[in-house]
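For reference, each letter of the sequence shown is one residue, going 114 to 353 in the numbering used here.
As structure tokens, the structure follows; a few thoughts come after it.
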Amino acid sequence: MLAANQIVAATLAMLEDKIQPGITTLQLDKWAEDYARKRAAVPAFKGYRGFPGSLCVSINEQVVHGIPSDAVVLNEGDIVSIDFGVKHQGFYGDSAVTLAVGKVSAKKLKLIEVTRQSLELAIEQVRVGNRINDLSRAVQGYVEKCGFSVVRQFVGHGIGSELHEAPEIPNYERSNERSPRLMAGMALAIEPMVNVGTYEVEVMKDGWTVLTRDRKPSAHFEHTVVVTDGDPLVLSRRHD
Ligand code: MG
Ligand code: MG
114 MLAANQIVAA TLAMLEDKIQ PGITTLQLDK WAEDYARKRA AVPAFKGYRG
164 FPGSLCVSIN EQVVHGIPSD AVVLNEGDIV SIDFGVKHQG FYGDSAVTLA
214 VGKVSAKKLK LIEVTRQSLE LAIEQVRVGN RINDLSRAVQ GYVEKCGFSV
264 VRQFVGHGIG SELHEAPEIP NYERSNERSP RLMAGMALAI EPMVNVGTYE
314 VEVMKDGWTV LTRDRKPSAH FEHTVVVTDG DPLVLSRRHD
């Protein structure tokens, strides 16, 4: 899983260097797919339940699952969420970042930083004996304190020899439910989706793209993390 996740991490870093006004989201998709295949990894999202791309590319008010297109061009001031997964030697890696295209508004920059930090706070809770709910509470508490909202309709997930495994990892606290305990060896894809306005989302007519109901911006960060007897091991953090 480390090898798969390091390919994902390197792919996202490569894309980050290429993000600029004028490129299309389909170009990003091609770069990602080529980069992964050259490293003997298979893009995990392509064909997953019929998803047409290798990369999910979601701009501004799009939350997740945006379809790469040669008709969609990045513009100065956009924020773009790129989510990539691969299968390599039988195991999956999954990670996402939200990036600024050129100069963006202070509000969007704050959204990116709060979402990135909420993921870090969740990762700090990845310890034997804690419950999934501890991760959820860490994300929700911080995000709402900062004046933003967490998406409820989509959640993180276990990961391993399948892309999506149990348990579900919500980014909001589910109070009336016994939450799974973390055990050493569990691998978790933790992925806060944070909105400037309402937490409510809807799916576009393309059947995939999720966008905020109020059309205010949204950001998404994701890491694949393993529970150990000590500190959390972030497989999708770049090791170099
Ligand atoms: Mg992902
Ligand atoms: Mg995921």
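Virtual Cβ for every residue (Gly too), placed ideally from N, Cα, C.
Since the model is a prediction, treat every value here as computed from it, not as a measurement.
Item                                                                                                                                                                         : Value
Leaving aside the five residues before and after I172 along the sequence, list all residues of the same chain whose C-beta is less than 6 Å from its C-beta, in chain order. : D191 and V193
Along the chain, where does the beta strand (DSSP E) that runs through Y356 open and close?                                                                                  : With the chain represented from 114 up to 353, any question about residue 356 goes unanswered, as that position is not in the structure.
Identify which residue in S249, G135 and K159 has its Cα closest to the Cα of E146.                                                                                          : K159
For ligand 1, is there any heavy atom lying closer than 8 Å to the beta carbon of S167?                                                                                      : no
Beta carbon of G273, beta carbon of A297: below 9 Å?                                                                                                                         : no
Please return the same chain residues whose Cβ sits closer than 6 Å to the Cβ of W321, not counting the five positions on each side in sequence.                             : H178 and I180
Using C-beta distances below 7 Å, list every residue in its chain close to R326, excluding the 5 sequence neighbours before and after it, in chain order.                    : T311, E313, V314 and E315
Considering N308, what are the terminal residues of the beta strand (DSSP E) in which it resides?                                                                            : M306 to N308
Taking the beta strand (DSSP E) that A332 falls in, what are its first and last residues?                                                                                    : S331 to H333
Sort out for me which residues DSSP pairs K151 with in a bridge.                                                                                                             : The partner list for K151 (beta bridge, DSSP) is empty, contrary to what the question assumes.
Thinking just about the alpha-carbon of each residue, which of R150, V217 and I136 is nearest to the one in V121?                                                            : R150
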